[in-house]
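*Asks:* Shown below is the structure under consideration.
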Amino acid sequence: MNLAELNKIARAMTAPGKGLLAADESGGTIKKRFDAIGVESTEDSRRDYREMLFRSREAMSSYISGVILYDETIWQNAKDGTPLVRLIEEAGAIPGIKVDEGTQALPNCPGELITAGLDKLAERLAKYYDRGARFAKWRAVIDIGAGIPSMTAISVNAHALARYAALCQAAQIVPIVEPEVLMDGDHDIDRCVEVTQRVLNKTFQELRLQRVALEGMILKPNMAVSGKKSKTQAGVAEVAEKTVRMLKNCVPASVPGIAFLSGGQSDKDATAHLDAMNRIGGLPWALTFSYGRALQAAPQKAWSGKSDNVPVGQQAFTHRAHMNSLASKGEWTPDQEQKAL
Ligand code: 13P
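Going by the numbering used here, the letters in the sequence shown line up with residues 850 to 1190, in that order.
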């Protein structure tokens, strides 16, 4: 393992003013997104949509440091035959790959999940590296509800995250370690903080146990937010303050960067929260975005599957990428949303 090189990539992924585009929706998830805009999900429509994003020159070269791809996409070519990976590299961004194989029911833990995909992972990583991937992603899912999460679910998911991260580093690929605590429940923000802290602590314990080099990884956590169904919704300042405090308690300073998931927050909330955290300042790690929905909802709607709409789709993507770039520097203001429209 060349740790200096892993560290260089991790720092490039979280470079000032830049963040990650999570475009790694599985076949089932992208179908759900396309259903919502009335587009049939086919190999070609998925290619056309993602090609539109990767050809958004301003966004890809100024605001996006890297793209998380799905297995199908990393092997796909653009309409003119250029590999999609090449489009990303030509824009100056880094290709990455989601390597987990989704979640399965966790035995003996009703309602809880374990992420699959460790078998043969070493062989798959070597192939992805040859294709150009320099980082990877693995998502563990922890739900909050009555009597959950169990220590069992937290423990086995942390173990799998660390197994994955160690295999990535051995393959000279930077692991994005993503333990996602879902925001779907009716819990308040303090319960989210309590559970997320337990999850992060266990995850870093496993990472250390399995000798993962923290300088050569990126953490992708959820923010501390109120559950979507909670009657009390924490405001921007509270989310920012509690998230920063939670991360300071749990994430070693040797981790180069933290790139948040958006997890179902509105586009504007995801941007406002990131901005407020960066305004607090004095943080040991770079804090940026690795958004899926909060970067793509607007371009998906603008595009709606029509080639005539590619320019407006690209404009919508560039706008969200720009707003989040500003937020990653603590330089976003709500009126910039209006100005750019
Ligand atoms: P969201 O920003 O839509 O949560 O997606 C990010 C991601 O990669 C989840 O695994």
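We put the CB at the ideal spot given by N, CA and C, even for glycine.
Identify every residue that forms a DSSP beta bridge with LYS947.
*Replies:* Note: LYS947 sits in a beta bridge opposite LYS986.
*Asks:* Compute the minimum distance between the beta carbon of GLY882 and the heavy atoms of the ligand 13P, and state whether it is under 7 Å.
*Replies:* Before going further, note that residue 882 is Arg rather than Gly in the sequence given. No, since every heavy atom of the ligand 13P falls outside the 7 Å radius drawn around the Cβ of ARG882.
*Asks:* For a minimum of 3 consecutive residues, which ranges assigned as the beta strand (DSSP E) are wholly contained in the region 982-1059?
*Replies:* Taking only runs of at least 3 residues, the beta strand (DSSP E) segments lying wholly in the region 982-1059 are 984-991 and 1023-1030.
*Asks:* Look up ALA871 in the DSSP assignment and give the residues it is bridged to.
*Replies:* According to DSSP, ALA871 bridges with ILE917.
*Asks:* Label ALA1019 either buried or exposed according to how many other C-beta atoms from any shown protein chain fall within 10 Å of its C-beta, with 16 as the threshold for buried.
*Replies:* That one is exposed.
*Asks:* To which residues of the same chain is TRP1134 closer than 6 Å at the C-beta, ignoring the five residues directly before and after it?
*Replies:* Only VAL1104, GLY1106 and ILE1107 meet the Cβ criterion.
*Asks:* Considering only the beta carbon of each residue, do ALA940 and GLU950 sit closer than 8 Å?
*Replies:* In this structure, GLU950 does not lie closer than 8 Å to ALA940 by Cβ.
*Asks:* Does the ligand 13P have a heavy atom nearer than 7 Å to the CB of ILE991?
*Replies:* No, the beta carbon of ILE991 sits no closer than 7 Å to any heavy atom of the ligand 13P.
*Asks:* May I ask you to verify whether the region 995-1005 touches the region 954-963, counting CB pairs closer than 8 Å and requiring at least 3?
*Replies:* Output reads yes: the region 954-963 touches the region 995-1005.
*Asks:* Which term fits GLN840, buried or exposed, when burial requires 16 or more other beta carbons within 10 angstroms of its beta carbon?
*Replies:* No statement about residue 840 is possible, as the shown extent of the chain runs from 850 to 1190 and does not include it.
*Asks:* Considering only C-alpha positions, which residue in the set TYR912, VAL934 and VAL1085 is nearest to TYR977?
*Replies:* For TYR977, the nearest C-alpha among the options comes from VAL934.
*Asks:* Can you list the residues near the ligand 13P, meaning Cβ strictly closer than 5 Å to any non-hydrogen atom, in the order they appear in the chain?
*Replies:* Checking every Cβ against the heavy atoms of the ligand 13P under 5 Å gives ALA871, ARG988, LEU1110, SER1111, GLY1112, TYR1140, GLY1141 and ARG1142.
*Asks:* Can you name the start and end residues of the alpha helix (DSSP H) that ALA886 belongs to?
*Replies:* Residue 886 is actually Ile in this sequence, not Ala. First-last for ILE886: undefined, no H or E at that position.
*Asks:* Let's test the definition: count the other Cβ atoms within 10 Å of the Cβ of THR1052 and tell me whether it reaches 16, buried, or not, exposed.
*Replies:* That one is buried.
*Asks:* For GLU972, count the other beta carbons within 10 Å of its own beta carbon; 16 or more makes it buried, fewer makes it exposed. Which is it?
*Replies:* Flag for GLU972 reads exposed.
*Asks:* Suppose contacts are defined by Cβ-Cβ distances below 8 Å. Is GLU1087 in contact with ILE1022 by that definition?
*Replies:* Against a cut-off of 8 Å, the Cβ pair of ILE1022 and GLU1087 comes out as no contact.
*Asks:* So who's on the other strand from PHE1166, going by DSSP bridges?
*Replies:* PHE1166 is not bridged to any residue.
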